[in-house]
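Working notes, structure below.
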Amino acid sequence: MSGSGKRTPLVADRRNFSSPKTGGGGRNGGGGGGKQPPRRQPPRKPQRPRNPLVALIVGLFTLIRRVIWGVAWRGALVLALIVGGSTFYFMSRLPEVSELLDGRARGSVTLLDRNGDVFAWRGETFGGNMTSDKVSENLRDAVVATEDRRFYSHLGISPRGIASAIKINMTEGRGALEGNGGSTITQQVAKLLCLGVEYDPSAWKDEAEYEADCRKGGVWRKIKEVPFALAMELKYSKPEILTIYFNRAYLGAGARGFEAASQRYFGKSAAEVNPAEAAMLAGLLKAPSYYAPTNNLERATSRANLIIGLMHDQGYLTDAEAKDAIDQPARLSQAAQSRSGGYFADWVMEAGPSFLTRDTTEDVIIRTTMDQRIQRAAEEAVDQVFSEKLREGTKAQTAVVVMSADGAVRGMVGGRAIAAAGSFNRATQALRQTGSAFKPFVYAAAMNKGYSPADFVEDAPFTINIPGSKPWTPSNYDRRFHGIVTLTTALKQSLNIPAVRVSENVGRDEVIRVASEFGIRNNLVNSPSLALGVSESTLLEMTGAYAGILNGGSAVRPYGLTELRLQGDDQPLMGQEGGIEQRVISEEAAQLLTYMMTEVINSGTGGRARLPDREAAGKTGTTQAARDAWFVGFTADYVTGVWMGYDDNTPLTGVTGGGIPADIWREVMVRVEEGLPATPLRKIVPAPRTPPQAPTNVPVTDLNGTPLSESQDPQLAQQPRHEEPDMAERILRDVLGAFGN
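Just so you know, we're using my numbering here: the sequence shown kicks off at 41 and counts up by one.
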């Protein structure tokens, strides 16, 4: 014990007692190795017994959770393996990008006018391989902004886009996958590639049916798109995927790919389009035919403005650029805007071999005789006359052909409406009776036989006995008889009886020869009524036959194709097939006939076709019951034919060849001749001849034989009589001797 008098505690303070495991002697490491007493544990609360029902439910949910988790991760693994395997399978089958740019089974035909400018296309045109880095930046931005704003960040599919599309579809009352599909550009390319299924002509009716099937939706098709899109993302770069898209997308009006569409709508390369043009092209992706600017420019512009807004919102256009694009919308090229020459293009396509035109597997370039200025003139003239002189809604049709003297067709209107390719062409396909428009060939045969326009013929009642048929008595349109008249008067007044007399005297066989060699070959009727135009012909044939008169008496073969070659080749596969052919009548006969036909316009039935500043020649024609009305004529520069009628042969009301057809002809020629020098026609004016002295004065009578006074018929006062007989009298007697009155 210490001497301090204090007691040492028997038990040390627990806070300074070291742990037995450390061997320490307290907090400062001193002290011996005494044994620590056990630590007192807090008393446990007594556990209540678990409700058996709760335990059962908890256990059941735990089991379900474990089963679901087990199935889910195993299913996910299997699905991942399937998707991965499918992805690598598709990736192994994907070819190089260059092999995917032109997916057409057939080629296209591009038609050029006489100046080398494009005016029409047939088939699906392909503008040539255009990589995404070569197209205009405006076009790249417009497509991405419109179709897939996250294109550069996703791996081929966009779950967010799919979810958004499903929400929109269901909100609008459609099925989840009906309507908006939420497809990325990569998925759209997968569709364009038909998910790797190649076109097989033996399995599909045509390429259109094949592509329609490729574009179908459905759950299975959507599921298959996923690995194919992933495979494309692994195989190709983003620019390469865009390149395939830019080349294979269909953009309306037969244009495949943005280069072809840009050329077709704007007449420029896709590398040169401005923001407004780019937006209009990108807008076609949603519905190519519906938004095609050639179908509805206003609708296409409205769609383009929406896309300009998207480009602005996503930072591709500044405020000023967006405003400028909206204020100055895209304008169509002249060829796309006019949509002219469709009937002409169809006709030219028929002229070439089908394997190089309608069924071509190559891209073909055809140079033609088309003059777009003349084509527009013809179309505008038809529109003007019909709008001014016919009632609205009339179903009457018309056709126009404008041709050079060598048969080169410069313009063609096959009907009033601008129709789709392959529509019925009334200029080349409609066989119609020619009426009095045929009479120039009767007089051509006479001039070629040595007759003169100043010779005389009697216009008086007569009847022809036709073996095996009833006697036939021709009559004039005005139901009158005009006595002795010159051949020129007979033609310019379109008198029927003199035409029949001359035809029979010259010889029907000769008239048929002249007409057929000039190009009218459709079953010419070998009967006295031949002279009155009861045979049928097309407007193209009639116009070509009149071109033979204009060029001095040589037949022409109407043509529109001058050269056909494959795109990229310099050597043509075909050249011009048509032009001036054999001589039919002498040049003198043609020039005498030309004089007679100028009188038709100067003082005859064709007066409404008279041109204000130049000479013209022509002939009217009206068939029985006015089912057809014609005017065909020419200047020194061009020959133009006009036909009018109903497709179902309904008679025209109050229309003759000297009426509305002559008006159309005049309006066409005024426009066609604008800016051209007034060149006189090559014609011979015959020396006047003294009329023969008939046994008695030949009065002008009506059908009942009642004479008409000079006051009733002014023409009578102009006809001299009682002159001394000359050679013309002998010709007249020869003519009269062929018939019994």
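For every residue, glycine included, the Cβ atom is placed at its ideal position computed from N, Cα and C.
Selected residue, minimal CA-CA separation from residue i, among the options
i: residue 729; options: 496, 679 and 691; result: 496
i: residue 132; options: 152, 616, 679 and 273; result: 273
i: residue 568; options: 344, 303 and 507; result: 507
i: residue 281; options: 244, 173 and 251; result: 173
i: residue 300; options: 439, 237, 398 and 141; result: 141
i: residue 333; options: 346, 317, 347 and 544; result: 317
i: residue 226; options: 101, 319 and 187; result: 187
i: residue 663; options: 475, 156 and 354; result: 475
i: residue 580; options: 591, 250, 599 and 119; result: 599
i: residue 607; options: 167, 636 and 697; result: 167
Residues near residue i in its chain [Cβ-Cβ closer than 8 Å; skip 5 each side]
i: residue 556; result: 564
i: residue 686; result: 435, 436, 437, 667 and 692
i: residue 573; result: 473, 474, 475, 476, 477, 478, 479, 661 and 663
i: residue 551; result: 481, 482, 485, 543, 570 and 571
Rounded separation between residue i and residue j - CA only
i: residue 262; j: residue 91; result: 50 Å
i: residue 175; j: residue 288; result: 14 Å
i: residue 427; j: residue 451; result: 21 Å
i: residue 179; j: residue 335; result: 22 Å
i: residue 183; j: residue 322; result: 5 Å
i: residue 373; j: residue 466; result: 28 Å
i: residue 295; j: residue 160; result: 12 Å
i: residue 312; j: residue 303; result: 10 Å
i: residue 593; j: residue 429; result: 36 Å
i: residue 763; j: residue 526; result: For residue 763, the pLDDT reaches just 28, beneath the cut-off of 50, and the residue's location in the model is therefore unreliable, although a value from the coordinates is still provided. Those two C-alpha atoms are separated by around 14 Å.
i: residue 781; j: residue 634; result: Since pLDDT at residue 781 reaches only 30, below the 50 mark, its modelled position is unreliable, and the value read off the structure follows with that caveat. Approximately 31 Å between the Cα atoms of the pair.
i: residue 203; j: residue 246; result: 35 Å
i: residue 709; j: residue 717; result: 13 Å
i: residue 366; j: residue 137; result: 35 Å
i: residue 177; j: residue 314; result: 9 Å
i: residue 134; j: residue 223; result: 20 Å
i: residue 98; j: residue 356; result: 57 Å
i: residue 489; j: residue 529; result: 19 Å
i: residue 107; j: residue 125; result: 26 Å
i: residue 384; j: residue 446; result: 17 Å
i: residue 468; j: residue 381; result: 14 Å
i: residue 306; j: residue 539; result: 55 Å
i: residue 237; j: residue 111; result: 34 Å
i: residue 169; j: residue 259; result: 33 Å
i: residue 95; j: residue 101; result: 10 Å
Contact check, residue i vs residue j, beta carbons under 8 Å
i: residue 676; j: residue 487; result: no
i: residue 235; j: residue 406; result: no
i: residue 732; j: residue 632; result: no
i: residue 453; j: residue 419; result: yes
i: residue 537; j: residue 511; result: no
i: residue 560; j: residue 534; result: no
i: residue 655; j: residue 680; result: no
i: residue 267; j: residue 395; result: no
i: residue 185; j: residue 351; result: yes
i: residue 290; j: residue 328; result: yes
i: residue 443; j: residue 192; result: no
Contacts around residue i, its chain only, beta-carbon distance under 6 Å, and the 5 residues preceding and following it disregarded
i: residue 773; result: Model confidence at residue 773 stands at a pLDDT of 39, short of 50, so the residue's coordinates are unreliable; what they give is reported in the following sentence. For residue 773, where only same-chain residues beyond five positions count, there are no Cβ hits under 6 Å.
Run of the alpha helix (DSSP H) containing residue i, from where it starts to where it stops
i: residue 412; result: 412-429
i: residue 643; result: 627-643
i: residue 292; result: Where residue 292 is concerned, there is no enclosing alpha helix (DSSP H), given that its DSSP letter is neither H nor E.
i: residue 161; result: Run containing residue 161: none in the alpha helix (DSSP H); it sits in the beta strand (DSSP E), 158-163.
i: residue 666; result: Premise fails: residue 666 is in no alpha helix (DSSP H) and is neither H nor E.
i: residue 323; result: 315-323
i: residue 512; result: Careful: residue 512 lies outside any alpha helix (DSSP H) and carries neither H nor E.
i: residue 499; result: Premise fails: residue 499 lies in the beta strand (DSSP E), 496-499, not in any alpha helix (DSSP H).
i: residue 348; result: 337-353
Run of the beta strand (DSSP E) containing residue i, from where it starts to where it stops
i: residue 131; result: Careful: residue 131 lies outside any beta strand (DSSP E), inside the alpha helix (DSSP H) at 92-133.
i: residue 660; result: 657-662
i: residue 782; result: Any question about residue 782 goes unanswered here, given that the chain covers just 41 to 781.
Contact set for residue i: own chain, Cβ-Cβ below 7 Å, skip 5 residues either direction
i: residue 702; result: 646, 648, 649, 660 and 671
i: residue 279; result: 172 and 173
i: residue 624; result: 554, 557, 558, 588, 593, 594 and 595
i: residue 422; result: 438, 440, 453, 456 and 704
i: residue 371; result: none
i: residue 147; result: 163, 400, 401, 402, 403 and 404
i: residue 424; result: 707
i: residue 308; result: 302
i: residue 344; result: 316, 319, 320, 323, 369 and 370
Residue-level contact to chain B via CB, residue i, 8 Å cutoff
i: residue 521; result: Considering every chain present, this structure includes no chain B. It has just one protein chain.
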